[in-house]
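Visitor: Dropping a structure here in structure tokens format, bear with me for questions.
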Amino acid sequence: NRVTETAGAATFATDYGEDAYLILHSDRRTDGIILDALIDEAPGSDLIPKVVAGLLGNQTRGRWNNVQENAFILLALNEYFDTFETVTPDFVARIWLGDLYAAEHVFEGRTTDRDETLVPMAELIEQADGGETDLVVSKDGPGRLYYRLGLRFAPDDLDLDPLDRGFVVQRSYEAIDDPGAVTRDADGTWRIKPGAEVRVRLTMVADSRRTHVALIDPLPAGLEALNPALAVTPPIPSEEFEDGPSPRFTYWWWQWYEHQNLRDDRAEAFASLLWAGTYEYTYVARATTPGTFVVPPTKAEEIYAPETFGRSGSDVVIVESN
Numbered sequence: 002n003r004v005t006e007t008a009g010a011a012t013f014a015t016d017y018g019e020d021a022y023l024i025l026h027s028d029r030r031t032d033g034i035i036l037d038a039l040i041d042e043a044p045g046s047d048l049i050p051k052v053v054a055g056l057l058g059n060q061t062r063g064r065w066n067n068v069q070e071n072a073f074i075l076l077a078l079n080e081y082f083d084t085f086e087t088v089t090p091d092f093v094a095r096i097w098l099g100d101l102y103a104a105e106h107v108f109e110g111r112t113t114d115r116d117e118t119l120v121p122m123a124e125l126i127e128q129a130d131g132g133e134t135d136l137v138v139s140k141d142g143p144g145r146l147y148y149r150l151g152l153r154f155a156p157d158d159l160d161l162d163p164l165d166r167g168f169v170v171q172r173s174y175e176a177i178d179d180p181g182a183v184t185r186d187a188d189g190t191w192r193i194k195p196g197a198e199v200r201v202r203l204t205m206v207a208d209s210r211r212t213h214v215a216l217i218d219p220l221p222a223g224l225e226a227l228n229p230a231l232a233v234t235p236p237i238p239s240e241e242f243e244d245g246p247s248p249r250f251t252y253w254w255w256q257w258y259e260h261q262n263l264r265d266d267r268a269e270a271f272a273s274l275l276w277a278g279t280y281e282y283t284y285v286a287r288a289t290t291p292g293t294f295v296v297p298p299t300k301a302e303e304i305y306a307p308e309t310f311g312r313s314g315s316d317v318v319i320v321e322s323n
């Protein structure tokens, strides 16, 4: 067994094979059993709240996948409550950023409400003054405080390298009819002939199971996605494989995403649960407007835990003139 940690959650992986259902195995059931063991044997472990967060994030409509999972997870969560949550909250949380008294929040009684404090980037830079500064969170009173620290920023450079913070993401553009309609220069610049239909291929790798995943691919401004859901869209070329046509048109084909959007400026695919593995998403676009376009990276993230994300690199796409 091994533990896989992200910024806000932790899950455990085992070496059971596909026939593990015969012994009622599941990864979430394993998480519940190990959580119970950690509370008994190592109640001070930093993994405990992260395992709880991972289990709660794996729910679907307030429950898990089957009776076995529900039973072992609820037993572990009850043990967690009895160990850490017996005291009714009645405290004040305070936040300092360097010399700045940033916020104060009062918590009385049990509630699912959350309080949020936003500090502008300009204030962060001023407090850091070109170096580092301390961020202090304190609690005065009984009860357990849960908090999240997040940083939202805009890069100052359009040329971004790939980044893996839980997902590996790649993007490529492929010709459909004419192999010469899409080419790539030695420096990585993509060149597309005007009017050409292009298959955009996105590859996403998750090193552990992920929940509530969004895969978002910005479109070059000179391309327009072909949406098969619209009546005015012409027939979209199917993808050919070595052993025949795309499995999308066979009865056994399975898609990893549950919902997709093809918008004017981007393509989106969403899944509530992904197991560790490699996933592909493709769509077809047409080159409609000549020009040189800088394309932001494709990004994959957990919607409710955006610290777990990954992106491809930026691309430059040139739609040539006639």
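Using the numbering used here, read the sequence shown as starting at 2 and increasing by one per residue. All C-beta atoms, glycine included, are put in the ideal place defined by N, C-alpha and C.
Any idea what DSSP makes of residue 34, helix, strand or coil?
Guide: Reduced to three states, the DSSP call for residue 34 is helix.
Visitor: Have a look at residue 13 and residue 132 and give me their C-alpha separation to the nearest angstrom.
Guide: Rounded to the nearest angstrom, the two C-alpha atoms are 38 Å apart.
Visitor: Please name the residue, chosen from 278, 282, 239, that lies closest to residue 260 on a Cα-to-Cα basis.
Guide: Of the listed residues, the one whose Cα sits closest to residue 260 is 282.
Visitor: Can you give the Cα-Cα distance for residue 252 and residue 220, rounded to whole angstroms?
Guide: For residue 252, the predicted model reports a pLDDT of 46, less than 50, meaning its position is unreliable; a value from the coordinates is still stated below. Going by the C-alpha atoms only, they are around 31 Å apart.
Visitor: Based on the DSSP secondary-structure assignment, which residues constitute the bridge partners of residue 126?
Guide: In DSSP, residue 126 forms no bridge with anything.
Visitor: Work out the CA separation of residue 111 and residue 163 for me, nearest whole Å.
Guide: So the alpha carbons of these two residues sit roughly 42 Å apart.
Visitor: Can you name the start and end residues of the alpha helix (DSSP H) that residue 138 belongs to?
Guide: First-last for residue 138: 136 to 141, but that is the beta strand (DSSP E), not the alpha helix (DSSP H).
Visitor: Would you kindly work out how many angstroms separate the C-alpha atoms of residue 250 and residue 62, rounded to a whole number?
Guide: Residue confidence for residue 250 is low, a pLDDT of 46 falling below 50, so the modelled location carries little weight; the figure read from the coordinates is stated next. Residue 250 and residue 62: Cα-Cα distance of roughly 31 Å.
Visitor: Sort 182, 298, 258 by Cα distance to residue 159 and report the nearest one.
Guide: Nearest option by C-alpha distance: 298.
Visitor: State the beta-bridge partners of residue 168 as determined by DSSP.
Guide: Paired residues: 207.
Visitor: Taking Cβ to Cβ, would you say residue 81 is nearer than 7 Å to residue 52?
Guide: Cβ atoms of residue 81 and residue 52: not closer than 7 Å.
Visitor: Quick check: the region 94 to 103 against the region 56 to 76, are at least 3 beta-carbon pairs closer than 8 Å?
Guide: No, because fewer than three Cβ pairs between the region 56 to 76 and the region 94 to 103 fall closer than 8 Å, the two stretches do not touch.
Visitor: State the Cα-Cα distance for the pair residue 293 and residue 180, rounded to the nearest angstrom.
Guide: Cα to Cα, residue 293 sits roughly 21 Å from residue 180.
Visitor: Between residue 236 and residue 113, what straight-line distance do the alpha-carbon atoms span, to the nearest angstrom?
Guide: Cα to Cα, the separation comes out at about 49 Å.
Visitor: Are the region 175 to 193 and the region 311 to 322 in contact at 8 Å, needing three or more beta carbon pairs?
Guide: Counting Cβ pairs under 8 Å, three or more are found: they touch.
Visitor: Excluding the 5 residues flanking residue 161 on each side, which residues of the same chain have their C-beta closer than 8 Å to its C-beta?
Guide: If we look at residue 161 and ignore the five residues flanking it on each side, its Cβ neighbours are 297, 298, 312, 314, 315.
Visitor: Closest to residue 79 by C-alpha separation, out of 66, 118, 33, 95, would be which residue?
Guide: The candidate whose alpha carbon is nearest that of residue 79 is 33.
Visitor: Using a 10 Å radius around the Cβ and a threshold of 16 neighbouring Cβ atoms, would you call residue 150 buried or exposed?
Guide: The residue in question, residue 150, is exposed, as its Cβ has fewer than 16 Cβ neighbours within 10 Å.
Visitor: At which residue ranges does the region 235 to 306 contain complete alpha helix (DSSP H) runs of 4 or more residues, listed in the order of the chain?
Guide: Correct list: empty.
Visitor: For the region 205 to 217 and the region 271 to 286, state whether three or more C-beta atom pairs, one from each stretch, are separated by less than 8 Å.
Guide: Yes, they touch.
Visitor: Along the beta strand (DSSP E) that carries residue 319, what are the first and last residues, could you check?
Guide: Where residue 319 is concerned, the enclosing beta strand (DSSP E) stretches over 316 to 320.
Visitor: Whole-angstrom Cβ separation of residue 166 and residue 321, contact assumed at under 8 Å?
Guide: Contact flag wrong, Cβ pair sits at about 36 Å.
Visitor: Would you give the residue range spanned by the beta strand (DSSP E) that residue 7 belongs to?
Guide: Counting along the chain, residue 7 falls outside any beta strand (DSSP E), and DSSP gives it neither H nor E.
Visitor: Looking at residue 268: is its Cβ nearer than 7 Å to the Cβ of residue 258?
Guide: It is not a contact, given that the beta carbons lie outside the stated cut-off.
Visitor: Using 8 Å as the Cβ pair cut-off and three pairs as the minimum, do the region 81 to 98 and the region 39 to 50 touch?
Guide: The region 81 to 98, when compared against the region 39 to 50, does touch it at the 8 Å Cβ threshold.
Visitor: Near residue 39, what residues of its chain come up, given a Cβ to Cβ distance below 8 Å and the 5 sequence neighbours on each side ignored?
Guide: The residues are 46, 48, 49, 52.
Visitor: I believe residue 238 touches residue 177 by the beta-carbon criterion, under 8 Å. Please report the beta-carbon distance rounded to the nearest angstrom.
Guide: So it is a contact: roughly 5 Å between Cβ atoms.
Visitor: Quick check: the Cα distance between residue 303 and residue 135, rounded to an integer number of angstroms?
Guide: Rounded to whole angstroms, residue 303 to residue 135 spans 28 Å at the Cα level.
Visitor: State the start and end residues of the unbroken beta strand (DSSP E) segment that holds residue 96.
Guide: Note, residue 96: beta strand (DSSP E), 91 to 98.
Visitor: For residue 222 and residue 290, which I take to be in contact (beta-carbon distance under 8 Å), what is that distance rounded to the nearest angstrom?
Guide: Sure, about 7 Å apart at Cβ, within 8 Å.
Visitor: Are the beta-carbon atoms belonging to residue 144 and residue 91 less than 7 Å from one another?
Guide: Going by C-beta atoms, residue 144 is nearer than 7 Å to residue 91.
Visitor: Just to confirm before moving on: does the CB-CB distance between residue 199 and residue 174 stay below 7 Å?
Guide: Yes, these two residues count as a Cβ contact at 7 Å.
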